[in-house]
Amino acid sequence: MNQTRYDAIIIGAGHNGLTTACFMAKAGLKVLVLEKNDYLGGAAVSLELHPGWTYSNCSYVCSLLRPEIVRDLDLPKYGLQVIPYSGGGVFMQNGDHLCNYTDHDAHRLELARHSKKDSEAYDRYSTDLMRQCRFIKPLLMRMAPDPTSFKPRDLAELAYLGKRFHDFSEAQMAETLRFWTMSVAEFLDEYFESDVIKAYYAGSGIIGTALGPMSPGTAYVLLHHYMGEVDGNIGAWGFARGGMGSISKAMAACFEDHGGEIRSGCGVDKVLVKNGRTIGVVLKNGDDYYANTVISNADVKHTFLDIVERNDLPEDFVRQVERFKIRGSSGKLNIALDGMPEFPQVPKDSPIFNGDMHFTDSIERMERGYDDWKNGTWSKDPYLDMLLPTRIDPTMAPPGKHYMTVFVQYAPYHLANNESWDGPNRDAFAQTVFNQISEYSPNFKDMILHYECRTPLDIEREAGITEGNIFQGELTFDQLLFNRPVPGYAQYRSPIKGLYMCGSSTHPGGGVMGAPGANAAREVLRDLGARQTVRGY
Amino acid sequence: MTKSISPRKSELLSAKPRINAGRKPTPFHPRQVEKCETNDWTLWAGYSVPNSYHSVELEYFSIRNGATLYDISPMCKYRIKGPDAERFMNRFVPRDVKKIKPGRVAYAIWCNDEGHILDDGTIFRFGPDDFRLCSQERQYAWLMDSALGFNVEILDETDDIAALQFQGPTTFAILEAMGIKGVETLKPFDHKNFPFAGTELMVSRTGFTGDLGYELWIEPGKALELWDALMAAGADRTISPIGSLALDMARIEAGFIQPTVDFLHAEHVVRHTRGRSPFELGLDWQVDFGKGHFTGRRALLKEKEGNSSRYCFVGLEIEGNKPAHNALVYHKQKKEIGHITSAVWSPTMKNNLAMALLQRPFGVDIQEDLWVEIYVDKELKWDRVMAKAKIVDRPFFNPPRKRLTPPARF
């Protein structure tokens, strides 16, 4: 038995676990973070797998990380820099392309090459999205109110939600309700006529989701990707300088600076429960640590189906956790390149290379890719979200060399016919991706020095997320706000006294946002009667 | 002894704005680069145009004293043709298009279904089934959506026509000296084609300065010839190109509103309460409920009958000489009741002018005891001034020479 007692133990050093940890350490509590891997960060991690190259192994771009958190934890002091990127676009099968420009007029002219009407509809589209972002954004850093509760705080939060909704016009209320439930394809049809323009914007509606662009609910996923910001530019995305691991590193440094303790290589086996309350954890190696507060950064399924005894939980709750949708839908390739690959159909100085690049030029193709997923195999014509962080970030590869990150949608967790990802399937999956890029870049394959291929199974093994779902649970309306992860337990508390959740399975959901972690810390600190270090209510 | 070296003038003049993706030159660009000594450029709908050429103040006085060239090529121009053209236009705008005869131009606003203004502009009528709509903001998508079910053809002519706003008391004399025969017959809001340089020059007696003046429309290939002919004919009649800043001063004196300054395109506002109805911008005269259906009619009728307009738009004369840019308006120096949308010290009227959006009943039933809070920079010491304001009619500046036909020569 370990002699030290802690005020709180956090299971998992993902960015949310670290966020919770920082706010609690700032409150003067004695906090221990236990991480199963030998490195920190969970899915916000940077590793050097090929000498000279730093990969952002899982998450790869940053937008959602709440500025309040960056500021309150002083993360820039601990080395965090987020650099916005611009550009990106779609390589089309007909030899043309669509490029995304930062400058409004340049962007309009580029859209007008594909559709004059769409180039103007874009203004209406961005205004409408901005309106939805403005509605949802203030809810991120707040607890989701329980509509069945009569507690003053829940009532106040509900009233706040109602007031914000009331600020809409009648037409906008209708628009909002439709928007939260409709498919991204239908949503985009209301603005655009060009296939490639629709395909470019539809990408945000499917990333990380086991739904197709024609599935209801995907319009909200698009919003989830839009509500981030870089320096107040709503919808802008950036790179964490030095890779996404820099976020975790900065958080860990902040945590340790406030007296926190991190132990890596310490996988938690069980949460110890006595008389309905948490007393600590026992590790896979048999070590035990004691604290009356345990906060799990792991997803809700892993937490309550693996590391808490079913015996200790209400049956209804367990069944709801079992039904929580957290399906593997995507994979990831990290590639070290010997130089800048050529893409002859686009001018060399196009800003397309500085941002997110895609090869899917119609929603139809995207949906067909989803059909493969339903059939238990990876998309034969996948939707790729491909970036070259080294176009912007000078720290990730030697000068003149490049690091390429390729997010691949769709890839199922369970392959048909009980086939395994281990073995030839993983290689075949990587080859599918290489082949698609090569269609547009003849010298791409020759440039590859090293690559890391991560299937949903690999992401589950390494980052610990069930089925490798990047959001720790899908962002569909039935799993949002007071229904995330389970009705009645949407406020970071669990059925077991002293056991809390702080991962992306909780409100407001996935992405390297930190909001679940901060919101969880706020609730824990309230329950402990400790000094409140998290802004809000 | 060290001698200071002044750059040669030609070097100064060779400085050019950077034209890249999204920054197009207008057909007059070569002449503008030549004349633009301040090298102060701005963007208008993706085109680079000068903010000023040499001195904003002197350029302003050229408008009121001589003749001025202002490049309006970036203005959006849409051709609407076909058997349903008149029916379409009448549904598109709240005013009655039937009353606009061929050969005439009319100012118009148009709204969405909520009765909120999208933009304003001018309608040129060429024939029974042939119109042109000119506007500052792009309207192609809105026009195309509105045209469903109408037998009309809509064509974006923005890049096919070069245009100059030619304004000031000596403009008529210059056109006459250029040999534009018959231009003296043009009444305000008339338009007519004249032969020029082997092509057709369309002249309309329209403008944005509230003074005598014309707008000249020509194919882009002849743009420089037109510029040169005007400058040559005007050499002895105080002619000068002007930039956007000088024009804006004249525009406010004339009491004209401008999209994105005095109101926002209703489909481009995030907060729905930022849309403005014609009644809220003093444009009641634009709305003709008797002509049949038009987009926004139901909402506007409801607003009119329910007297539910939230704002009113007024012209103000303000004490003192500090323009009330972005200022808040108060009643009895205490209650905040609105804000200034445009302001200028008028060098001609020697008056401090502004246009303001006030919350009703202020400006309608309550017109007295209005104050404007102005922040004044006194050599980096900032003072807050409460200046008394008085509601006055627009246009602020309205000279008879604007209407005289045939016009005077100066």
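Quick note, the sequences are listed as chains G and Z, same order. Residues in the first sequence are numbered from 4 upward in steps of one, following my numbering. Residues in the second sequence are numbered from 1219 upward in steps of one, following my numbering. Positions of the beta carbon are idealized from the N, C-alpha and C atoms, including for glycine.
Query                                                                                                                                                                                                    : Result
Can you have a look at residue 1465 of chain Z and say buried or exposed, based on whether 16 or more other CB atoms are within 10 angstroms of its CB?                                                  : buried
What would DSSP say about residue 522 of chain G, mapped onto helix, strand or coil?                                                                                                                     : helix
Going by the CB atoms, is the gap between residue 1262 of chain Z and residue 1243 of chain Z shorter than 9 angstroms?                                                                                  : no
Could you tell me which residues DSSP pairs with residue 92 of chain G in its beta bridges?                                                                                                              : G:102, G:360
Using alpha carbons as the reference points, say which of G:514, G:386, G:119 lies closest to residue 436 of chain G.                                                                                    : G:386
Taking the straight line between their C-alpha atoms, what separation do you get for residue 1299 of chain Z and residue 1326 of chain Z?                                                                : 18 angstroms
Threshold first: 4 residues or longer. Then list the alpha helix (DSSP H) segments lying entirely within the stretch 121–189 of chain G, N to C.                                                         : 155–169, 173–184
In the structure shown, what three-state DSSP assignment does residue 276 of chain G receive?                                                                                                            : strand
Helix, strand or coil: which one does DSSP assign to residue 15 of chain G?                                                                                                                              : coil
Strictly under 9 angstroms for the Cβ-Cβ distance: is residue 526 of chain G near chain Z by that measure?                                                                                               : no
Provide the residue(s) that pair with residue 1417 of chain Z in DSSP beta bridges, ordered along the chain.                                                                                             : Z:1414
Report the residue from G:457, G:304, G:305, G:226 whose alpha carbon sits nearest the alpha carbon of residue 336 of chain G.                                                                           : G:457
Below 7 angstroms on C-beta distance, what does residue 172 of chain G contact in chain Z?                                                                                                               : 1490
Pull up the distance between the alpha-carbon of residue 488 of chain G and that of residue 144 of chain G, whole angstroms please.                                                                      : 17 angstroms
Could you work out which residues of chain G lie near residue 1362 of chain Z, taking near to mean beta carbons separated by less than 7 angstroms?                                                      : 120
Using the beta-carbon of each residue, which ones in chain G are nearer than 8 angstroms to residue 1261 of chain Z?                                                                                     : 108
Taking residue 175 of chain G as the query, report the chain C residues whose CB atoms sit under 8 angstroms from its CB, ordered along the chain.                                                       : The chain inventory of the structure shown lacks chain C, comprising the protein chains G and Z.
Is it the case that the stretch 1308–1317 of chain Z contacts the stretch 1504–1513 of chain Z, given that we only count it when at least three CB pairs across the two stretches are under 8 angstroms? : yes
With C-beta atoms as the reference, is residue 354 of chain G less than 9 angstroms away from residue 498 of chain G?                                                                                    : no
Name the residues in the stretch 1344–1371 of chain Z whose C-beta lies less than 7 angstroms from a C-beta of chain G; which are they?                                                                  : 1356, 1358, 1359, 1362
How many angstroms separate the CA atom of residue 1234 of chain Z from the CA atom of residue 1269 of chain Z?                                                                                          : Only weak support is given to the placement of residue 1234 of chain Z: the predicted model assigns it a pLDDT of 42, under 50, and the value that follows is read from those uncertain coordinates. Going by the C-alpha atoms only, they are around 14 angstroms apart.
So is residue 1264 of chain Z in contact with chain G if we call contact Cβ pairs under 9 angstroms?                                                                                                     : yes
Ordered along the chain, which non-local residues of its own chain (more than five positions away) have a Cβ less than 6 angstroms from that of residue 1305 of chain Z?                                 : none
Starting from residue 198 of chain G, trace the alpha helix (DSSP H) both ways and give me its first and last residue.                                                                                   : 198–209
At a CB distance below 7 angstroms, what residues from the stretch 380–410 of chain G approach chain Z? Give them in sequence order.                                                                     : none
Could you check whether the Cβ of residue 1572 of chain Z sits closer than 8 angstroms to any heavy atom belonging to the ligand SAH?                                                                    : With respect to the ligand SAH, the structure offers nothing, as it holds no ligand at all.
How close, in whole Å, do the beta carbons of residue 1468 of chain Z and residue 1428 of chain Z come, if the pair is a contact with beta carbons under 8 angstroms?                                    : 7 angstroms
Go ahead and pull the three-state DSSP assignment for residue 1429 of chain Z.                                                                                                                           : coil
What does residue 1486 of chain Z touch in chain G if you count any residue whose Cβ is under 8 angstroms from its own?                                                                                  : 126, 127, 130
Kindly indicate which three-state DSSP category residue 63 of chain G falls into: helix, strand or coil?                                                                                                 : coil
Can you grab the Cα-Cα spacing for the pair residue 1399 of chain Z / residue 1431 of chain Z, in whole Å?                                                                                               : 16 angstroms
Thinking just about the alpha-carbon of each residue, which of G:343, G:322, G:407, G:352 is nearest to the one in residue 60 of chain G?                                                                : G:407
Hey, how far is the Cα of residue 1232 of chain Z from the Cα of residue 1442 of chain Z?                                                                                                                : The predicted model places residue 1232 of chain Z with a pLDDT of 38, which falls under 50 and marks its position as unreliable; any figure quoted below should be read in that light. Cα to Cα, the separation comes out at about 19 angstroms.
Less than 9 angstroms between the C-beta atoms of residue 1402 of chain Z and residue 1625 of chain Z, yes or no?                                                                                        : yes
When you compare the CB of residue 123 of chain G with every CB in chain Z, is at least one pair closer than 9 angstroms?                                                                                : yes
Chain G partners of residue 1171 of chain Z, CB-CB under 8 angstroms?                                                                                                                                    : Here chain Z has residues from 1219 to 1628 only, and residue 1171 of chain Z is not among them.
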